[in-house]
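K.L.:
Here's a structure for you.
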Amino acid sequence: MEIYRHACPRNCFSTCGMLSYIEDGKLMKISGDAKHGYNQGRLCAKGYAYTQYVYNPYRLKHPIRQTPRGSGNWKRISWEEAYDTIADKILELNERYGSNLASGYNKFSGNIGLLHYAVEGMFNSIGPHTKPIGNPCLITGERAMRKSFGQMNSIMPEKMAEMNAVVIWGANPAVTNVHQMKFILQARQKGAKLIVIDPIFTRTAATADIYIQINPGTDGWLALGVAKLLIESESYNQEFVHNQTVNWEEFHQYVNEQVDLHEVCRKTGISFDVICELVSIYSIPKPCATWIGFGTQRNENGGQNISAINTLALLGCHSGKGNRSVYYSHNGIDDFPVNLLNHAGPEHPTVQYSREININNFAENASKLVDPPLKFLWIALRNPLSQDQDFQAWESLMKELELIVTVDLFMTKSAELSDIVLPAASHFEEMDLNVSYWHHWLSVNEKAIPPYYEAKSDLQIARELMKKLNDRSPGFSNFPSERKPIDWIREELTPSVKKLYSIESIDDLLECPRLRTEEVTKSSSSSFKFRLFSQGNKGTFTNSFNRGKSDVEESYPFQLLTPQSLLKIHSQYEALPWLNQGAEQDVVELSEYAAEKNGILEGDKVELFNQYGKIAAIARISRFLPQKVVLVNQAGKNPINRLIVQKPQKNKGKSSMNFYDSSVNIRKWCENDG
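Counting in full-length UniProt numbering, the sequence shown runs from 1 upward without gaps.
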């Protein structure tokens with residue numbers, strides 16, 4: 001039996017090292033890679049289910065075409081016919097409008113391997129086009145982290161095991177980052193306390209020494225309240241704060257004048273005694289890890305929340321290195337040139353740049369484009385009709401486009417409304433290079449098995465489609481179609497990368513994953529000055545929490561939260577029986593208050609609705625939920641994004657989606673309304 005080395009490429013913290021066991025060209029078994037220092041030979045349930053993922057009967061086998069769009073009338077076509085159709089449309093639009101701005105793509109993180117930037121490289125290679133910018137998941141928090149600390153690289157998450165306390169703000173690693181739990185457990189075995197701050201009594205909260213249930217979106221208020229008490233009791237690191245921050249006096253004045261502890265208690269729903277308990281944690285003269293979850297910044301006040309928590313961590317800093325125990329995200333990809341993403345295309349005589357659309361309002365903005373309008377859309381590595389806000393805008397956009405192509409392993413909601421669907425390869429069927437946005441390990445992903453039927457990788461599709469375009473119109477694309485996956489990987493392993501990861505060539509990665517050395521960053525040097533929560537944030541932060549209730553909020557009084565689930569990542573893994581037993585029906589969790597107010601019993605079929613739409617689900621009543629919070633996991637037969645519509649963002653591409661600012665009402669299901 002042959003054994004190959006892999007890295008799980010899903011949009012997950014762990015990017016686990018994996019081993020595949022191959023017999024006669026077939027994947028027989030998956031195990032964790034014991035040589036990977038983060039997951040240490042273990043996998044989550046999703047990882048062990050990859051054999052069912054690869055050989056799933058619902059997996060796409062061949063290119064298919066639907067006529068008319070949305071009819072379900074699919075027929076198998078050849079790759080040649082698919083390429084011909086796509087090339088014809090791109091060339092015809094170029095002839096019609098004089099540029100490629102009428103052609104565009106929508107792509108994100110379904111596979112975070114570096115070679116999957118082939119989608120961007122492919123479009124770059126035809127010159128200016130229409131492209132998404134931004135990040136729906138974490139960019140609000142990332143910008144706040146950079147403002148506070150100057151950069152994004154946190155210390156190794158394995159070092160959380162050495163902390164005296166771990167304070168988790170709005171993260172649920174027992175579900176979304178299971179391998180981190182062992183390092184938290186190691187810390188607790190040495191006497192560390194685990195504190196979880198979350199509106200939801202999560203699986204992680206259930207294991208904590210202290211659980212603090214906070215009103216959604218008010219984390220910043222709590223952090224500032226704790227900071228005020230730390231300052232008043234002089235329990236903060238005065239030497240560090242006075243010497244290594246740029247705005248101590250301004251912040252001190254702001255806390256004294258603007259932060260009222262009675263208001264903090266009222267807004268957060270947390271008692272003064274509990275706030276004092278948190279003060280004692282941050283004033284302990286030993287290392288305290290602060291872990292800020294992505295959910296903390298998925299609301300209008302997200303950046304201010306992160307900035308306030310960062311400030312609290314700085315006040316309690318005992319290392320003299322401000323961000324050495326703050327965890328949010330690690331931008332490992334910044335070490336690499338990412339040549340596919342940054343591939344430089346040909347210049348256009350009159351169009352200087354590609355046309356950019358905020359990914360968070362992509363459908364709405366794309367529908368408004370003129371001179372030229374968007375006519376051809378390529379969807380890859382995401383499922384916007386299930387995951388994006390404003391489902392109605394996406395439905396409208398799909399009707400306006402002349403050609404929609406989706407590349408995926410399964411027939412997703414987005415694929416169902418496409419003209420052509422191309423079967424994508426799994427990561428066992430392609431070579432790649434993987435880094436994490438959490439830990440510091442670098443892994444190579446080997447090709448272990450032949451492609452499933454006619455499936456192809458994003459890179460192979462890019463190579464072949466761009467060659468087709470050049471055959472039709474010589475020089476139309478400058479994509480290097482002759483370059484193979486191994487060539488792209490070798491180019492990513494620059495001298496600086498080799499030094500950082502202590503490797504000489506890709507052969508070292510084939511032996512085992514490699515750990516990034518801890519280099520000196522600008523924020524760990526004595527000359528760097530950290531930034532505390534500033535007066536510049538005050539107006540936005542205070543006004544947003546003091547705003548009065550609108551008519552919409554009165555009509556839809558329940559706040560909608562949509563966290564990740566244990567056995568799926570967004571809408572991925574929905575087709576796997578192993579992971580979906582007993583999950584045939586969509587479920588909504590209600591508080592006892594919400595259930596009693598609406599006459600709802602456990603197991604009732606209910607309807608969640610607001611001004612944008614409605615979905616049906618089965619009620620599960622929880623005594624642990626805050627009164628006015630309803631909880632729905634993502635994806636399912638009726639995706640919750642039908643109810644989530646956010647106002648257009650002014651700072652294009654610089655904010656995450658405010659998923660947690662949505663509100664709904666609840667009622668018993670009425671068949672006549674169905």
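No residue lacks a Cβ here, since even glycine has one placed at the ideal position from N, Cα and C.
Taking just the CA atoms, how far does L566 sit from L43?
P.N.:
Their Cα atoms are separated by approximately 13 Å.
K.L.:
Report yes or no: do three or more beta-carbon pairs, one from the region 17-35 and one from the region 443-456, lie closer than 8 Å?
P.N.:
The region 17-35 vs the region 443-456: in contact.
K.L.:
What does the alpha-carbon distance come out to for the pair T268 and V274?
P.N.:
The alpha-carbon atoms of T268 and V274 are separated by roughly 11 Å.
K.L.:
At what residues does the beta strand (DSSP E) containing Y105 begin and finish?
P.N.:
Where Y105 is concerned, the enclosing beta strand (DSSP E) stretches over S103 to K107.
K.L.:
For W74, list the residues DSSP reports as bridge partners.
P.N.:
Note: W74 sits in a beta bridge opposite Q66.
K.L.:
Might you give, ordered along the chain, the residues of its own chain that have their beta carbon closer than 8 Å to the beta carbon of residue 690, omitting 5 neighbours on each side?
P.N.:
In this structure the chain extends from 1 to 674, so residue 690 is not present and cannot be described.
K.L.:
Write down the C-beta distance between A308 and T290 rounded to the nearest angstrom, noting that I regard them as a contact closer than 8 Å.
P.N.:
That belief does not hold up - the Cβ atoms of A308 and T290 are roughly 11 Å apart, past 8 Å.
K.L.:
Is it right to say D71 is buried, meaning 16 or more other beta carbons lie within 10 angstroms of its own, or is it exposed?
P.N.:
For the sequence presented, residue 71 should be read as Ser rather than Asp. When all chains shown are included, S71 counts as exposed.
K.L.:
Short check: CB of V226 to CB of L194, under 8 Å?
P.N.:
No, these two residues do not count as a Cβ contact at 8 Å.
K.L.:
What's the gap between the Cα of N365 and the Cα of N358?
P.N.:
When rounded, the distance between both Cα atoms is 8 Å.
K.L.:
Going by CA-CA distance only, name the one from L631, R667, Q646 and L601 that's closest to S555.
P.N.:
It is R667 whose Cα lies nearest to the Cα of S555.
K.L.:
Under DSSP, the beta strand (DSSP E) around H6 begins and ends at which residues?
P.N.:
E2 to A7 is the span of the beta strand (DSSP E), which, as asked, contains H6.
K.L.:
Does DSSP put W221 in a helix, a strand or coil?
P.N.:
In this structure, W221 counts as helix in the three-state DSSP scheme.
K.L.:
Once the 5 residues before and after C670 are set aside, which same chain residues still bring their CB inside 8 Å of it?
P.N.:
The residues are E607.
K.L.:
Ordered along the chain, which non-local residues of its own chain (more than five positions away) have a Cβ less than 8 Å from that of I3?
P.N.:
Once the five neighbours on either side are set aside, the close Cβ partners of I3 are L19, S20, Y21 and I22.
K.L.:
Which residue wins for smallest C-alpha separation from I644, given the options S280, R382, S386 and D88?
P.N.:
Checked all of S280, R382, S386 and D88; the closest Cα to I644 is S386.
K.L.:
Using the C-alpha atoms, what's the distance from A594 back to E602?
P.N.:
Taking the straight line from one Cα to the other gives about 12 Å.
K.L.:
Within a Cβ cutoff of 6 Å, which residues of the same chain sit near L398, ignoring the five residues on either side of it in sequence?
P.N.:
Note that residue 398 corresponds to Met in the displayed sequence, not to Leu. L417, listed in sequence order.
K.L.:
Which residue or residues does DSSP assign as beta-bridge partners of D432?
P.N.:
According to DSSP, which records beta bridges pairwise, D432 is partnered with N445.
K.L.:
Starting from the Cα of L409, find the closest Cα among F13, V54, Y48 and H36 and give me that residue.
P.N.:
Residue V54 is the option with its Cα nearest to L409.
K.L.:
Consult DSSP for K538 and reduce its assignment to one of helix, strand or coil.
P.N.:
Residue confidence is low: K538 scores 44 on pLDDT, short of 50, so the model does not pin down where it sits. Its coordinate-derived value is still stated next. If DSSP states are grouped into helix, strand and coil, K538 belongs with the helices.
K.L.:
What separation, rounded to the nearest whole angstrom, lies between the Cα atoms of S663 and W79?
P.N.:
About 45 Å.
K.L.:
Please look up how many angstroms separate the CB atoms of L224 and V259, rounded, as I've assumed it's under 8 Å.
P.N.:
So it is a contact: roughly 5 Å between Cβ atoms.
K.L.:
What residues match up with A32 in a beta bridge as DSSP calls it?
P.N.:
The sequence given here has Gly at residue 32, not Ala. Beta-bridge pairing links G32 to M18.
K.L.:
Figure out for me which residue from P287, S436 and A161 has the closest Cα to the Cα of G113.
P.N.:
The residue with the shortest Cα to Cα distance from G113 is S436.
K.L.:
Can you tell me whether DSSP reads F201 as helix, strand or coil?
P.N.:
Of the three classes helix, strand and coil, the one that applies to F201 here is coil, per DSSP.
K.L.:
The ligand NAP and F294: does any heavy atom of the ligand fall closer than 7 Å to the residue's C-beta?
P.N.:
The ligand NAP is not part of this structure, which contains no ligands at all.
K.L.:
Give the secondary structure of P423 by DSSP, where H, G and I count as helix, E and B as strand, and everything else as coil.
P.N.:
Three-state DSSP puts P423 in a strand.
K.L.:
Pull up the CB-CB distance for P157 and T204, whole angstroms please, since I reckon it's below 8 Å.
P.N.:
So it is not a contact: roughly 15 Å between Cβ atoms.
K.L.:
Can you tell which of N39, Q213 and A118 has its C-alpha closest to the C-alpha of Q627?
P.N.:
Ranking N39, Q213 and A118 by Cα distance to Q627 puts Q213 first.
K.L.:
Return helix, strand or coil for L340, following the three-state DSSP convention.
P.N.:
Coil at L340, not helix or strand.
K.L.:
Look up W291 in the DSSP assignment and say whether it is helix, strand or coil.
P.N.:
If DSSP states are grouped into helix, strand and coil, W291 belongs with the strands.
K.L.:
Please state whether the Cβ-Cβ distance between M152 and H330 is less than 8 Å.
P.N.:
For M152 and H330, yes; Cβs fall inside 8 Å.
K.L.:
Bridge partners of K456, per DSSP?
P.N.:
DSSP output for K456 lists A424 as bridge partner(s).
K.L.:
Sorted by chain position, which residues of the same chain lie with C-beta nearer than 8 Å to G25's C-beta, five sequence neighbours on each side aside?
P.N.:
If we look at G25 and ignore the five residues flanking it on each side, its Cβ neighbours are I449 and P450.
K.L.:
Starting from N665 and walking both ways along the alpha helix (DSSP H), at which residues does that stretch end?
P.N.:
Per DSSP, N665 belongs to no alpha helix (DSSP H); it is in the beta strand (DSSP E), S663 to K668.
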